[in-house]
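Trainee: Under the numbering used here, the first residue of the first sequence carries the number 11, and numbering increases by one thereafter. We treat Cβ as the ideally placed atom computed from N, Cα and C, and that holds for glycine. Following this message is one structure expressed as structure tokens.
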Amino acid sequence: MNLFDPISAAIRAQFPEVETDDLVYAPAPKPELGDVALRTFVAAKRVGLAAPQFAARIAKEVSFGPEVAEVTVSGPYVNFRVDRGRLGGRVIKHIIEEGASFGSGRTGVNRRALIEHTSINPNASPHVGRARNAMIGDSLTRLLGFEGYDVSVHYYVNDMGRQIGLLVLSIEERFGHFDEHTPLPISFEDVLQIYVDANRRAEEDEAFAAKGYGLLAKMETGDPETKAKFHAVTNLCLNGQILVLARLGINYDVFDRESDFIRDPRLDAVVAALAELDAVFTDEQGRLVVDLAKIGHTADEGRYFVLMRANGSSMYGYRDLAYTLHKMEQGADLNLIVLGEDHKLYAQQQRMILEAAGFTAPESVYYAYIVLKEGKMSTRQGKVVLLSEFLDEAIRRAAVKVEEQCADLPEADRDIIASRVAVAAVRFAILRVNPNKNVVFDWESSLSFTGDTGPYVQYSCARICSLLRKYGELPAEPPEELVIETDCEWALCMKLIAFREVIASAVQQRNTAPVAQYALETARQFNSFYHECPVMDAPTEAQQVSRALLCAATRQTLSNALALLGIEVVDRM
RNA sequence: GCGCCCGUAGCUCAGGGGAUAGAGCGCUUGCCUCCGGAGCAAGAAGUCGUAGGUUCGAAUCCUACCGGGCGCGCCA
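Okay, here's the thing in structure tokens:
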């Protein structure tokens, strides 16, 4: 459904050389100028006229249908006054018919997508910086699902590595022997401090650090006892992490363990292909190294990529190649991976290697770090704001507010509302910022419930719910034409229909931040309408129905937008 | 040093070739006998990092510089 198709068709009837895509519509900058503005720059070029001349000819020569009430020219712009009731009616009807899928471009129907995100080291409770990855990944998952993709969410469990080795050592040292079958003597919450201590000690105590590597080497050879210990520790951490993330509504379909990709037979083909190109060699110290210069890398920096250590143990990047091949073998139409911007070069190197060997790499989505005022977060140094603490505080603050607003509701209901509001605040604060920007973490602004926040959008929905409860039943069949007399009703209609373009662009850019921005603008537009236009007390019944329908369509649109951000609406708050 | 990203109001952020650059927070002022004040309306606040260039038109594209973030051979 394209609202201005009739206008475009009329113009093309007169000027056949103009393409539909050349005709760009936007709300007129001021309501006095008209309802819709057409920019003629592109189309004018096509016709071979200067934009102002072309605009004038459109106004004079084209005969428009009943949708258009008035045409005026302002320089290169053609401003239309349209039949608001007719077009608005079409918009509302469309939204109500589409319901929860209003806005979807259905670009993913009958297609499969695989997305990997979060993939935190299973060593401690996640901090809000890591959560940015999870939220972006989860939001993209929802967006792809909305578009019709069958999405599978993968979490790569890095259950190998020196850091896990150090953790295992420390726990064993302090609490004695354990394995996969005896319950660990510690809880998830204890791990962070143990991890911090272990890292500090490894810096000073060389023997300790070496023991960590030793454990890793044993792990790599498949020693069952070591494997059991690693699994015990990583399971504890992973389960704890999953629970925290689930509180934010983030879930996963598949957990892939790094330790399953040691010495993967698929890697032989990759190394053989690289050897064919003379791009892999064993260096003087016995390491297996890729020379990326042989496969298209131009800079000196990052030219060499080590696959295996001299002692024969594999590097993370080597195992990751196998994992990527494993993911690509699933045959999804779209493969995404969400990575911190510190992984950019690494991901490029992986891509180069895979493509040189005749495989394809997933598409990367990057995000910049959330930093503290004091500098960047570091789990190793314990310099973090934990996601669970952040969420706890958000819930605490939301509960206070819900208590005073919804005193009549049972406690269980209030708890649900407080938790949804808290999640809205937390997710919105992070998701609304474009991922390529650093975020300086601030407790106050990210836990605010007023202004440009998730709860503000939720509040707008709750307000509509309340209003529609009082209004009563909406007509089953919305009328073809609405009564739209004020500028703010019309502006709201225009805002609602713009949702589809926002989604299309979000899908294309793999970025849901604009969806958050859109939700804010729409909520603001609605609240403005709400204060200016009474619904129940509108002068005529036709007007009451029109406005009530406009409210319902707004709620649907906001609810769809919030759903993509992983935020649930509430009918009271 | 080289590469990638960012620089817009006091602060946090939108806008990423087109009409007078927009929000929120904070500040000033109105609005609850009125559908929810987690709200609305208005005001003050900007050489869009700097300097060149491309264009009918640049916050937006290009180049250089400045400032910040990230990365650059046996961490993951």
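Roughly how many whole angstroms lie between the Cα atoms of Gly224 and Tyr528?
Mentor: Numbered from its first residue, the first sequence carries residue 224 at position 214. Numbered from its first residue, the first sequence carries residue 528 at position 518. The straight-line gap from Cα to Cα measures roughly 53 Å.
Trainee: Would DSSP call Arg406 helix, strand or coil?
Mentor: Here residue 406 refers to the residue found at position 396 when the first sequence is read from its first residue. In this structure, Arg406 counts as helix in the three-state DSSP scheme.
Trainee: If you pair each beta-carbon of the segment 439-455 with each one of the segment 380-395, do three or more pairs fall below 8 Å?
Mentor: Touching, yes.
Trainee: Taking buried to mean at least 16 other C-beta atoms within 10 Å of its own C-beta, is Gly113 buried or exposed?
Mentor: Here residue 113 corresponds to residue number 103 of the first sequence, with the count starting at 1. Classification for Gly113: buried.
Trainee: Between the beta-carbon of Ala219 and the beta-carbon of Ala212, is there less than 7 Å?
Mentor: Start at 1 with the first residue of the first sequence, and residue 219 comes out as number 209. Start at 1 with the first residue of the first sequence, and residue 212 comes out as number 202. Yes, the pair counts as a contact, with Cβ atoms nearer than the cut-off.
Trainee: Report the rounded CA-to-CA distance for Glu490 versus Pro549, giving the unit in angstroms.
Mentor: Position 480 of the first sequence, counted from the start, is the residue given in the question as residue 490. Position 539 of the first sequence, counted from the start, is the residue given in the question as residue 549. Their Cα atoms are separated by approximately 20 Å.
Trainee: Alpha carbon to alpha carbon, what distance is there between Ala110 and Leu154?
Mentor: Walking along the first sequence from the start, residue 154 turns up at place 144. Walking along the first sequence from the start, residue 110 turns up at place 100. Taking the straight line joining both Cα atoms gives about 14 Å.
Trainee: Please say whether Ser269 and Met170 have beta carbons closer to each other than 7 Å?
Mentor: The sequence position of residue 170 within the first sequence is 160, counting from 1. The sequence position of residue 269 within the first sequence is 259, counting from 1. Their beta carbons are under 7 Å apart, which means Met170 touches Ser269 by this criterion.
Trainee: Residue range of the beta strand (DSSP E) that Asp207 falls in?
Mentor: Your numbering for residue 207 matches position 197 in the first sequence. Careful: Asp207 lies outside any beta strand (DSSP E), inside the alpha helix (DSSP H) at Phe198 to Glu214.
Trainee: Below 8 Å on the Cβ atoms is my guess for Ile272 versus Arg313; work out the distance and round it to an integer in Å.
Mentor: Position 262 of the first sequence, counted from the first residue, corresponds to residue 272. Position 303 of the first sequence, counted from the first residue, corresponds to residue 313. Their Cβ separation, rounded to whole angstroms, is 26 Å, which puts Ile272 and Arg313 out of contact at 8 Å.
Trainee: Quick test of your reading: Arg276 and Leu317, contact by CB under 8 Å. State the CB separation rounded to the nearest angstrom.
Mentor: Along the first sequence, one-based indexing puts residue 276 at 266. Along the first sequence, one-based indexing puts residue 317 at 307. No, Arg276 and Leu317 are not in contact; Cβ-Cβ is about 13 Å, not under 8 Å.
Trainee: Roughly how many whole angstroms lie between the Cα atoms of Thr370 and Leu364?
Mentor: Your numbering for residue 370 matches position 360 in the first sequence. Your numbering for residue 364 matches position 354 in the first sequence. The straight-line gap from Cα to Cα measures roughly 6 Å.
Trainee: Using DSSP bridges, identify the partner residues of Pro37.
Mentor: Translated into positions along the first sequence, residue 37 becomes position 27. In DSSP, Pro37 forms a bridge with Val46.
Trainee: Determine the direct distance from the alpha carbon of Ile494 to that of Pro37, and round the result to whole angstroms.
Mentor: One-based indexing of the first sequence puts residue 37 at position 27. One-based indexing of the first sequence puts residue 494 at position 484. Cα to Cα, the separation comes out at about 16 Å.
Trainee: Starting from Asn446, trace the beta strand (DSSP E) both ways and give me its first and last residue.
Mentor: Reading the first sequence from its first residue, position 436 is the one you call residue 446. Unbroken run through Asn446: none, as it is neither H nor E.
Trainee: Just verifying my parser: in three-state terms, what is the DSSP assignment at His307?
Mentor: The residue given as residue 307 occupies position 297 in the first sequence. Three-state result, His307: coil.
Trainee: Label His187 either buried or exposed according to how many other C-beta atoms from any shown protein chain fall within 10 Å of its C-beta, with 16 as the threshold for buried.
Mentor: To locate residue 187, count along the first sequence from 1; it is residue 177. With fewer than 16 other Cβ atoms within 10 Å, it is exposed.
Trainee: Classify Lys480: buried if its beta carbon has 16 or more other beta carbons within 10 angstroms, exposed otherwise.
Mentor: Working through the first sequence from its first residue, we reach residue 480 at position 470. Exposed: under 16 other Cβ atoms inside 10 Å.
Trainee: How long is the line joining the alpha carbons of Ala439 and Ala571, rounded to whole angstroms?
Mentor: Sequence index remark: in the first sequence, residue 439 carries index 429 (1-based). Sequence index remark: in the first sequence, residue 571 carries index 561 (1-based). Using only the alpha carbons, I get a separation of about 15 Å.
Trainee: Go through its chain and collect everything with a Cβ distance to Leu401's Cβ below 8 Å, but skip five positions before and after it.
Mentor: What you label residue 401 is simply residue 391 of the first sequence in a count that begins at 1. These residues qualify, in order along the chain: Val254, Arg257, Leu258, Ala432, Val433 and Val436.
Trainee: Taking the C-alpha atoms as reference points, what is the distance between Ala357 and Lys103?
Mentor: In the first sequence, the residue the question calls residue 357 occupies position 347. In the first sequence, the residue the question calls residue 103 occupies position 93. Using only the alpha carbons, I get a separation of about 46 Å.
Trainee: Look up His353 in the DSSP assignment and say whether it is helix, strand or coil.
Mentor: Looking up residue 353 in the first sequence gives position 343. The answer is helix: DSSP assigns His353 an H, G or I state.
Trainee: At the level of alpha carbons, what is the spacing between Arg94 and Ile21?
Mentor: In the first sequence, residue 94 corresponds to position 84, counting from 1. In the first sequence, residue 21 corresponds to position 11, counting from 1. Each residue's alpha carbon lies about 20 Å from the other.
Trainee: Could you tell me the alpha carbon to alpha carbon distance between Asp215 and Leu287, rounded to whole angstroms?
Mentor: Reading the first sequence from its first residue, position 205 is the one you call residue 215. Reading the first sequence from its first residue, position 277 is the one you call residue 287. Distance between the alpha carbons of Asp215 and Leu287 is about 42 Å.
Trainee: What does Phe265 pair with, by DSSP beta-bridge criteria?
Mentor: As a working note, residue 265 is residue 255 in the first sequence. Answer by DSSP bridge pairing, in chain order: Tyr165.
Trainee: Which runs of the beta strand (DSSP E), 3 residues or longer, sit entirely within the segment 332-398?
Mentor: Correct list: 344-350, 373-377 and 380-382.
Trainee: Which residue wins for smallest C-alpha separation from Val163, given the options Gln468, Val512 and Thr128?
Mentor: Translated into positions along the first sequence, residue 163 becomes position 153. Of Gln468, Val512 and Thr128, the residue nearest in Cα terms is Thr128.
Trainee: Report the CB separation of Ser374 from Ile347 in whole angstroms; it is logged as a contact under 8 Å.
Mentor: Against the first sequence, residue 374 aligns to sequence position 364. Against the first sequence, residue 347 aligns to sequence position 337. Rounded, the Cβ-Cβ distance is 6 Å, consistent with contact.
Trainee: Excluding the 5 residues preceding and the 5 following Phe25 in the sequence, name in chain order all residues of the same chain whose CB lies nearer than 7 Å to its CB.
Mentor: Within the first sequence, the letter at position 15 stands for residue 25. The answer, listed in chain order, is Val57.
Trainee: Three-state secondary structure (DSSP) at Ile125?
Mentor: In the first sequence, the residue the question calls residue 125 occupies position 115. If DSSP states are grouped into helix, strand and coil, Ile125 belongs with the strands.
Trainee: Tell me which residue opens and which closes the beta strand (DSSP E) that Ser456 is part of.
Mentor: Locating residue 456 in the first sequence gives position 446, counting from the first residue. First-last for Ser456: Trp453 to Ser456, but that is the alpha helix (DSSP H), not the beta strand (DSSP E).
Trainee: Buried or exposed for Gln295, please, with buried defined as at least 16 other CB atoms from any protein chain shown within 10 angstroms of its CB.
Mentor: The residue labelled residue 295 in the question sits at position 285 within the first sequence. Exposed: under 16 other Cβ atoms inside 10 Å.
Trainee: What are the residues that DSSP puts in a beta bridge with Thr82?
Mentor: On the first sequence, position 72 is the one that residue 82 refers to. Partner(s): Asn89.
Trainee: Just the Cα atoms here: how many angstroms apart are Leu331 and Ala523?
Mentor: Numbered from its first residue, the first sequence carries residue 331 at position 321. Numbered from its first residue, the first sequence carries residue 523 at position 513. Looking at the two C-alpha atoms, the distance is approximately 30 Å.
Trainee: Could you please give me the residues that DSSP links to Phe315 through a beta bridge?
Mentor: Locating residue 315 in the first sequence gives position 305, where the first residue counts as 1. Looking at the DSSP assignment, Phe315 forms a beta bridge with Val300.
Trainee: Is it right to say Gly461 is buried, meaning 16 or more other beta carbons lie within 10 angstroms of its own, or is it exposed?
Mentor: Counted from its first residue, the first sequence places residue 461 at position 451. Exposed.
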